[in-house]
Structures are given as structure tokens and as C-alpha cells.
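S.K.: I have a structure I would like to understand better, so I am pasting it below and will then ask my questions one at a time.
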Amino acid sequence: MRIFLAGEACAHIDTGIIERTNLAPRSALIKSPLIMKIDEIDAYVTVIRCQSLQQAALSLGLTQPAITRRLQNFEEALGVELLDRNTRPLKATATGRIVYEQCRVIQRELDVLREIVATDTPPVGMLRLGVAQTIADIALTDAMRGLKSAYPDLQARASTGWGSQLLQRVEQGELDAAAILLPSNKTFDEILSARSLGRIKLAVVAQKGMLKKRTHTLAECQSIGWVLNPDGCGFRDGLQRTLTGLGLALKLNLETLGTELQLQLVADGNGLGLVPLPLLHASAHADALDIVSISDFKPLIDIWLVHPRVLGKLQQPVERLGAAIERQFKEARAQRAA
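When we follow UniProt numbering, the leftmost residue of the sequence shown carries the number 1, and every step to the right adds one.
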């Protein structure tokens, strides 16, 4: 199979090897073919993204010496130095940046090729998922059951974490897809496909009777303090940005993981909390809490399904996951309305 690339060159793909040659006389092509392997291209792109040989090796499931050998082979094939080895973190040379962009083009074209030749057989193997804890609390159980029922030969593995961390793992190829909570105006890397599955309202909550039932400002609530997730949580980041914009500091009384524990601490009078409405309504502590109306803080966050643009046989399971999560949140909103 021959794929023609931009410029006066072509690539021949055969059993994982790319041969790139200028369109010179045939005798010249035979004398000095420029040969590189796809895994060398993958290694180079991953190193540039991770800015670390160690992180790139972890991302690709290789040893660091194996990554180093692939990079050296790639540089020898091209006849140029691609990395400035005197910098930390690792950075590409000027030529290396150009090569990196072209390698990304090659990777995208190969992904399209794999998608075209993928058969209709059911997906098998491993599906690596990342799910924000809030989403997991509401929708993960049913979503995983649905995947297991629809694709019995597919092993779905899910890990939880903060949205920014899970997004980075998708970008680095450590996860096949992630369902995360990020602002609605979030922009994503062009290598990714991202769509919003819906929007979640967040509620500021206080111990029942602590505050008068009227609209307050963040400044008025400043002395009370907050009970929040540890640093890295998108909810906390949004509150922090709003406070900073108002010239206020975040007064953190307690930081702890787990919505139920946080709500219990808030119900005991340890500070204000910030929680998704679906989890508040489902909480055993809901009757001991008041929702506080804040005039200068109206927190909203989107549920994003993020994955590489081309997933091959994993595309359908990932779409099913997204549909299940979307359905669960719609049902939660309907139950609140009822």
C-alpha cells in the first residue's frame, strides 16, 4: 500500500515499516532508502509530549533503554538531531519540532487507515477508562454493567481521579477514554475528540440554620471557611478562581476526599461545602443542610467524554459508556424534578 504525503515524497507502509524517499530516479531510491519504523515515530512523539524519557517509557509500556534505542534509530534514519539533550525537561530542536508535527500527521493517517480496515467483529482485549469520582458515584456502576453485558470479551478497567489528571493520561495514551468534569469553555488538544454529555449544577451548602435564608455574597461568607476536596479538584479550582477575581483568599477549614464525608462535616458546622446537586439530593445528610444562594458565584461544570479521534474497535464501547453516563444524569435530574 502506498500513501502519498505532503511535498515531493512518498511513504511505503509494509508490516510496520515506513520507507520515505524523495522522488528521485529509481536507481537512487535503491541505493539510499530512508527507512524508519512506526514504533520509532510513536516513541519520538511520546517523548516530546511527556518531555521525559521515563514518562514516555511508562506511557508506552517499555523500558527506558528501549525508548532511547528507538529515538537513536529514528535520528540516524533522518540524519539529524531531534532532541536538545542539554535541556531539562527534554525539548525538541528547531528541526525536531517540524519533524514532530509531521509525525503527528503520519500517526493520524495511520489511525484512519486502521479504522478503515477494522472488521465488524466484536471488540476484545482491554478498555482503559478514567472516570471522575463524582461521575463514578452517580453513573459508573450501571455503565460498567452495560459494557460487560454488551461486550463480554472486552475487559473494561476504570480508574478514578481529578479531571485534569485523567485528561493528561488520555493525551499520553495511558487511557482509551475518560469521563471528566471540566468547565464548559474548556479547549482540548486537536488529537482528541471531546463532547459534553451534560451540565451539572453545583450547590454551596451550610449547616442547617447557620445562615439566614437570603442571598449572600462570597465576601459575606468569607469568615465561615470551606470544607473541600484536596487541591486538583475542578470544583475547588473554580471557587479559587472566583475568589481570586474578587480579591479574596480561600479560607480552607478542612480538605478531605469523599462527598458523604464532606457533607457530614458541613452538617456538623465545620464550614461551607461545594457539591453537585445530584449527590446532595442522594445524601443521607441532605436534611441537615441548607443550600446557600450566592449572588457572585453560580457554579456550573460540564461532563466531558474525551478520547483519541480514532479508537478503532473501541469506538462503539466508548460511545456506549458516554450514552450510559448521559442517561444516568438525566434520570437523576428527573428524580429531583419529581
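Positions of the beta carbon are idealized from the N, C-alpha and C atoms, including for glycine.
(1) Would you mind working out which of Ala-284, Leu-314, Ser-283 and Val-275 sits nearest Pro-299, comparing C-alpha positions?
(2) Assuming Ile-294 contacts Thr-217 under a Cβ cut-off of 8 Å, what Cβ separation, rounded to an integer in Å, is found between them?
(3) Given that a residue counts as buried once 16 or more other Cβ atoms are within 10 Å of its Cβ, and exposed if not, what is Gly-173?
(4) Cα separation between Gly-238 and Gly-125?
(5) Does the distance from the CB of Ile-291 to the CB of Gly-198 come in under 8 Å?
(6) Answer yes or no: do residue 403 and Gln-107 have a C-beta to C-beta separation smaller than 8 Å?
(7) Does the distance from the C-beta atom of Thr-93 to that of Glu-81 stay below 8 Å?
(8) Is the distance from the Cβ of Arg-104 to the Cβ of Val-170 below 8 Å?
(9) Leaving out the 5 sequence neighbours to the left and right, which residues in its chain are closer than 7 Å to Arg-26 when beta-carbon positions are compared?
(10) Ordered along the chain, which non-local residues of its own chain (more than five positions away) have a Cβ less than 6 Å from that of Arg-114?
(11) What's the gap between the Cα of Ala-219 and the Cα of Ala-249?
(12) Buried or exposed for Thr-87, going by 16 or more other Cβ atoms inside 10 Å?
(13) Given 8 Å as the limit, is there contact between the segment 320-335 and the segment 223-242, that is, 3 or more CB pairs closer than that?
(14) Tell me which residue opens and which closes the alpha helix (DSSP H) that Pro-278 is part of.
(15) Near Gln-51, which residues of its chain fall below 6 Å by C-beta distance, leaving aside the five closest residues on each side in sequence?
(16) Going along the chain, which residues of its own chain have a beta-carbon closer than 6 Å to the beta-carbon of Ser-223, five neighbours each way excluded?
(17) Would you say the segment 131-148 touches the segment 177-188, given that touching needs at least three Cβ pairs under 8 Å?
(18) My guess is that Leu-254 and Asn-270 are in contact by the Cβ rule of under 8 Å, so how many angstroms apart are they, rounded?
(19) Glu-255 bridges to which residues according to DSSP?
(20) Rounded to whole angstroms, how far is the Cβ of Asp-176 from the Cβ of Val-318, which I believe are closer than 8 Å?
(21) From the DSSP output, which residues share a beta bridge with residue 339?
M.R.: The relevant details are as follows:
(1) Indexing the sequence shown from 1 puts residue 299 at position 299. If we check each option's Cα against that of Pro-299, Val-275 comes out closest.
(2) Sequence index remark: in the sequence shown, residue 294 carries index 294 (1-based). Sequence index remark: in the sequence shown, residue 217 carries index 217 (1-based). Contact holds; Cβ gap of about 7 Å.
(3) Within the sequence shown, the letter at position 173 stands for residue 173. Classification of Gly-173: buried, given that the 10 Å Cβ count is 16 or more.
(4) Reading the sequence shown from its first residue, position 238 is the one you call residue 238. Reading the sequence shown from its first residue, position 125 is the one you call residue 125. Spanning the two alpha carbons is a distance of roughly 38 Å.
(5) Mapped onto the sequence shown, residue 291 falls at position 291. Mapped onto the sequence shown, residue 198 falls at position 198. Contact flag unset, no.
(6) This structure gives no information on residue 403, because the portion of the chain shown stretches from 1 to 338.
(7) Against the sequence shown, residue 93 aligns to sequence position 93. Against the sequence shown, residue 81 aligns to sequence position 81. Between Thr-93 and Glu-81, the C-beta spacing is below 8 Å.
(8) Looking up residue 104 in the sequence shown gives position 104. Looking up residue 170 in the sequence shown gives position 170. No, the Cβ-Cβ distance between Arg-104 and Val-170 is not below 8 Å.
(9) Taking the sequence shown and counting its residues from 1, the one referred to as residue 26 is at position 26. Note on Arg-26: pLDDT 35, under 50, position unreliable in the model; no value is reported.
(10) Residue numbering aside, residue 114 sits at position 114 when the sequence shown is read from its first letter. Only Gly-312 meet the Cβ criterion.
(11) Taking the first residue of the sequence shown as position 1, residue 219 is located at position 219. Taking the first residue of the sequence shown as position 1, residue 249 is located at position 249. One C-alpha to the other measures close to 10 Å.
(12) The residue given as residue 87 occupies position 87 in the sequence shown. Exposed, since its Cβ has fewer than 16 Cβ neighbours within 10 Å.
(13) no
(14) Position 278 of the sequence shown, counting from 1, holds the residue named residue 278. 277-282 is the span of the alpha helix (DSSP H), which, as asked, contains Pro-278.
(15) Position 51 of the sequence shown holds residue 51. Result list for Gln-51: Pro-89 and Leu-90, in chain order.
(16) Start at 1 with the first residue of the sequence shown, and residue 223 comes out as number 223. The answer is none, since no qualifying residue turns up.
(17) The segment 131-148 is in contact with the segment 177-188.
(18) Within the sequence shown, residue 254 is the residue found at index 254, counting from 1. Within the sequence shown, residue 270 is the residue found at index 270, counting from 1. Yes, Leu-254 and Asn-270 are in contact; Cβ-Cβ is about 6 Å, under 8 Å.
(19) As a first step, residue 255 is located in the sequence shown; it is residue number 255 there, counting from the start. According to DSSP, Glu-255 bridges with Leu-228.
(20) Working through the sequence shown from its first residue, we reach residue 176 at position 176. Working through the sequence shown from its first residue, we reach residue 318 at position 318. That pair is a contact at about 7 Å.
(21) Residue numbering for the chain in the displayed model covers 1 to 338; residue 339 lies beyond these limits and cannot be assessed.
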